[in-house]
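Per the numbering used here, residue 1181 is the first one in the sequence shown, and the count goes up by one each step.
Glycine residues also receive a C-beta, built at the ideal position from the N, C-alpha and C atoms.
Please read the structure below before turning to the comments.
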Amino acid sequence: MEKLRKKKKQLNDYAKYTSLGIEMLVIIAAGVFGGYYLDRWADLGFPVFIVILSLLAVAAAIYHAVKGL
């Protein structure tokens, strides 16, 4: 019985951290793609929105990860 509980806890931890990684990936990808399309729309010489939104997305993903733990 104890072996089953330990295995179930390992699976729960695996699922928790896997979903956390996927959530971080989605947040960062949304920031990059949003910045890309804003840069295409604004037609600036330097990719300002990609840089800004990427950094904000990384910060938001880290915040979300820390809050979720």
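Of the residues the options, the one placed nearest residue i, counting alpha carbons only
i: Leu1249; options: Asp1193, Leu1205, Phe1226 and Leu1218; result: Asp1193
i: Leu1233; options: Gly1211, Tyr1243 and Lys1247; result: Gly1211
Beta-carbon separation (whole angstroms), residue i vs residue j, contact threshold 8 Å
i: Ala1245; j: Leu1200; result: 6 Å
i: Phe1229; j: Leu1236; result: Not confirmed; about 10 Å, so no contact.
Cut-off 7 Å between Cβ atoms - residues of its own chain near residue i, not counting five sequence neighbours on either side
i: Ala1241; result: Met1204, Ile1207 and Ile1208
Endpoints, alpha helix (DSSP H) assigned at residue i
i: Asp1219; result: Glu1182 to Ala1222
i: Gly1248; result: Val1228 to Gly1248
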